[in-house]
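Residue numbers (this note's numbering): -9 to 670.
We treat Cβ as the ideally placed atom computed from N, Cα and C, and that holds for glycine.
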């Protein structure tokens, strides 16, 4: 394990093995360590190092300064890292086996040359080699210039290879970002300019393609006095052919290109018309989170956070998410959000800011409706700078978890303000989904009606089949028991239909997994639930359903993980979350956590009080669950009197049949807890 981590790409930085940043007394001590780290496997003669950093001094004075710098360097290193220095009377170096250097890793990854290693190498390149390091001697400055040129050539070759891979594999979003990065370095690279225009056209961003062509043509004329190549002019012709409007209505000549604003407005209208024909889902773009103070670290974080959120939002089938690169292209523009929304043709924009406050970072985010410019939702998050990267994933999960619900609520409110005859399939599904959150049987029946109306408008709307399957499950779980006997096959059929229509719908996979579970098909249930979580790991509803289902399948620790994440992502949640999460905690023998969770909604399901009582019993306090046991018995007697199940069915029979554990020891653990709690 390395005892020292040295960063040379971008600003110089050095960290101990535990991540503690190290501070050095002078810039030349830093420069000495940086030079050694640039080739960690080499040993350098002392006279060479002295001349490199103190070449303007007599040799004896330079060697004395080198000795003092080495002494200061050793003192600045933690004791565990001092062995990284290899010092002899003649030579000085670093022990490569004890030192990790980002430049060394960058070179190895770039040499490997696979798309994956090229991406990792590019991610390591935080900025120019030893950015900002100066005033360290003329010889050192010359060495820096040589390193800059060599590394710049390596970086350009790497990015061109990676861009070619992205284009060949259809990775449009990262290809646009990479093309923009290459053009920031060399705006006259006509091949990259052509690639970027093609990528914009692929995304139907006609205005952006036109602006890119126009900008390149003007730069060529101003700086070189030449025209674009015939190939680039061919791209211009393709842009003109794709301008919105009836074919042949307008003929644009070479020097009579339309203004970008006209193209943007027309293209946005055309996209809106096509989107209304193809899908009724709301669309969203995530803009870069802008730092309120200058700083490369904050800028990279703002871009990365926006891309992460867009990627996670893309997992939700309810939304159309604009490619991250398309939205991030507006990072340095001063275009107002409404204009961005118009050009991209989206219904919503998510934008945010980053701000330093002492040793803390504050993140603010807000969701805007582009049609009305009103704010739909806003939130603020705080974290310590040292925790920044550890909490980034959590911030993404929380933002995404809140955001989808807010968009659904906003669309639902809009739907209710229009006549029902105008509701489309998506709005009808939203109304049904909202009804399912109401804790009564009439609401479940109302939800079914909405889902069937949605299917009448769109028979291939997978999510409506998901809603019908969930309505069956809710009616059985909350209001009956043996009702599932004749609904089971129907729920399976609905789940399978939804998955066949949309294999990437995570909620369809989840509902099919639950139906397979109660059908006794545990392997199939595990497969479907795992796919649901893989397709979207941030849907709190799916996480809550998976929590108890995974426990019944025989993977309680995975169930606990899903339960904790669901509860974290949905601080204002329906009661059934507690009932399902509580089963996961109980099955994992986490009785106190089960009790604390289910106590917030002790009657989430008819068997929730039974799990509370069994948890108390396993803790050795069965008397504390007596009230919950009586609640279960009242429900049991009521169902028995109604003839819901045969008269010889005991309460234990009923409870153990409700939750069909796959593993015998899990079933016996539940049964033992119930018996200790006084159930018969």
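query	result
Residue of 122, 126 and 26 minimising C-alpha distance to residue 85	26
Exposure of residue 89, with buried meaning 16 or more beta-carbon neighbours within 10 Å	buried
Under the three-state DSSP convention, the category residue 126 falls into	coil
Cα-Cα separation, residue 361 to residue 460	33 angstroms
Collapsed DSSP secondary structure at residue 310 in the structure displayed	strand
Residue interval of the alpha helix (DSSP H) (run including residue 24)	17 to 28
Residue 398 - DSSP class collapsed to helix/strand/coil	helix
Segment contact flag, the segment 123 to 143 with the segment 43 to 62, C-beta cutoff 8 angstroms, min 3 pairs	yes
Validate contact between the segment 28 to 39 and the segment 150 to 169 using beta carbons, cut 8 angstroms, 3 pairs	no
Per-residue burial, residue 476 [other beta carbons within 10 Å of its own, 16 or more giving buried]	Confidence in residue 476 is poor, its pLDDT being 41 and thus under 50, which makes the residue's placement unreliable; the coordinate value appears in the next sentence. Per the 10 Å Cβ criterion, exposed.
8 angstroms Cβ cutoff, residue 151 in contact with chain B	Of the protein chains in the structure, only one exists, and it is not chain B.
Nearest-angstrom beta carbon gap, residue 515 and residue 524 [assumed within contact, 8 angstroms]	Not quite, the Cβ-Cβ distance comes to about 15 angstroms (not below 8 angstroms), so this is no contact.
Alpha helix (DSSP H) runs contained entirely in the segment 194 to 227, provided each spans 4 or more residues	196 to 213
Outcome for residue 13 when other beta-carbon atoms lying within 10 angstroms are tallied against a minimum of 16	exposed
Three-state secondary structure (DSSP) of residue 4	strand
Status (buried if at least 16 other CB within 10 Å, exposed otherwise) for residue 671	What is shown of the chain runs -9 to 670, which leaves residue 671 out entirely.
Three-way DSSP call (helix, strand, coil) for residue 92 in this model	helix
Extent of the continuous beta strand (DSSP E) to which residue 338 belongs	338 to 347
Environment of residue 365 [buried if 16+ CB atoms lie within 10 Å]	exposed
Euclidean distance between Cα positions of residue 658 and residue 666	12 angstroms
Buried or exposed by the 16-neighbour rule on C-beta atoms within 10 Å, applied to residue 136	exposed
Neighbourhood of residue 663 by C-beta distance below 6 angstroms, restricted to the same chain and skipping five residues each side	604, 607 and 608
Cβ separation of residue 144 and residue 100, assumed to be a contact under 8 angstroms, to the nearest whole Å	6 angstroms
Through-space distance from residue 83 to residue 6, alpha-carbon basis	18 angstroms
Residue 367 vs residue 353 beta-carbon contact at 8 angstroms	no
For residue 103, three-class secondary structure by DSSP	coil
Beta-carbon contacts of residue 238 that lie in its chain and below 7 angstroms, excluding the five residues immediately before and after	Any reading at residue 238 must be qualified, since the residue scores a pLDDT of 42, below 50, and its modelled position is unreliable; no value is offered.
Alpha-carbon to alpha-carbon, residue 479 and residue 464	15 angstroms
Proximity of residue 440 and residue 487 at Cβ, strictly below 8 angstroms	no
Counterpart residues of residue -3 in DSSP-defined beta bridges	3
For residue 372: DSSP bridge partner residues	352
CB of residue 598 within 8 angstroms of CB of residue 617, strictly	no
Pairwise C-alpha distance: residue 331 and residue 223	29 angstroms
Terminal residues of the alpha helix (DSSP H) in which residue 441 lies	431 to 447
DSSP state of residue 170 mapped onto helix, strand, coil	helix
CB-CB length for residue 274 against residue 229, believed under 8 angstroms	Going by Cβ atoms, the distance from residue 274 to residue 229 rounds to 26 angstroms, so no, they are not a contact pair.
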